Amino acid sequence: MIDATNLRKRFGALEVLHDVSVGIRTGAVTALVGPNGSGKTTLIKIVLGLARADAGVFSVNGQPADEAGAYRRHIGYMPQAARFPENLRVRDVLELVRALRPDAPRDEELISAFRLALEMDKLVGTLSGGTRQKVNAAIAFLFRPSLLILDEPTAGLDPIASGILKDKIRQLRGEGRSVLITSHILTELEELADDVAFLCDGHLRFSGSVAALLERTGERRLEAAIAALMRSERARTADPLPESVGPLGWLPVEVEPS
Ligand code: ADP
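Here the sequence shown stands for residues 0 to 257, numbered as in numbering that gives the first Met the number 0.
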């Protein structure tokens, strides 16, 4: 679906992405993980066309991503905290978004699954955080995207809403669409992810299947495997975790050939 090659990004003196080459497979859920400040959001912004890489290229379905960004119409994006005009009603926000692409096929299933009909007349500014997040999710899925990018999608959702969203993500994958997801809830990623891309200080330290990551780290759970990656990075950069966290060992993590 997406293949990025040698992406580089710098903000002033700070090198945020160092020659990152990573793929997002069609019909798979890829978890993008890494410590805070490792470059995840920057990478997502480049794919969304909201930031420009200083070097490197990426292609979408085998075609180089064009300057005009026509490929973006196939992407649904759920930001961590969506900002909608506070003085609009939920119904107006949805209408505005629908009007952006009147002829595109739509998927309104989340609107009914989240029972947003009950919220339609409320001003966005008065919504609870969870309801706002439901509107955010419903919009991300609205135009049946081929690639869905979800940034901490279940943050603020109650367990029922969170389950509905996870089922929807699985449904999309089942339809052969691709999902890129970031989350600090590793158990959630464990439920959903097929592949993992691990960024640390702008370096891609692992990219491959969950099974390959478990094998590489000798762990049985994704959460422990990612903790092992983080420990090995800290050890390598002489910033070890406290001893209580356990023995530190450098893992020779490599990027899996795609
Ligand atoms: P993550 O999403 O993994 O937490 P980010 O991509 O947001 O990481 O940030 C990576 C690094 O780039 C951080 O050090 C952050 O402070 C810096 N950064 C991000 N955006 C900008 C910007 N617009 N200007 C300057 N520095 C930035």
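Built from N, CA and C at the ideal position, the CB exists for glycine as well.
Treat the numbers as computed from the prediction; the structure is a model and nothing was measured.
Rounded to the nearest whole angstrom, the C-alpha separation of Leu-156 and Leu-95 is 24 Å. The straight-line gap separating the alpha-carbon atoms of Val-123 and Arg-131 is approximately 7 Å. In the displayed model, Arg-51 falls within coil according to three-state DSSP, outside both helix and strand.
Counting only runs of at least 4 residues, the stretch 69–131 fully encloses the following alpha helix (DSSP H) elements, listed from N- to C-terminal order: 89–99 and 108–112. The Cβ-Cβ distance between Ala-136 and Leu-93 does not fall below 8 Å. Around the beta-carbon of Glu-66, fewer than 16 other beta-carbon atoms lie within 10 Å, marking it exposed. Taken through DSSP and simplified to helix, strand or coil, Ile-163 comes out as helix.
Residue Phe-83 holds the alpha-carbon nearest to the alpha-carbon of Thr-125 among Glu-107, Pro-152, Phe-83 and Asp-166. Rounded to whole angstroms, the Cβ separation of Leu-149 and Met-77 is 5 Å, and the two are in contact under 8 Å. Cβ contact annotation for Ala-160 (same chain, cutoff 7 Å, sequence separation greater than five): Phe-113, Gly-129 and Lys-133, in chain order. Contact between the stretch 2–20 and the stretch 55–63 is present: 3 or more CB-CB pairs across the two stretches fall below 8 Å.
Shown here, Pro-34 sits in coil according to DSSP, grouped into three states, outside any helix or strand. One Cα belongs to Pro-63, the other to Glu-218, and the distance between them is close to 37 Å. Counting only the Cα atoms, His-73 lies some 14 Å from Glu-174.
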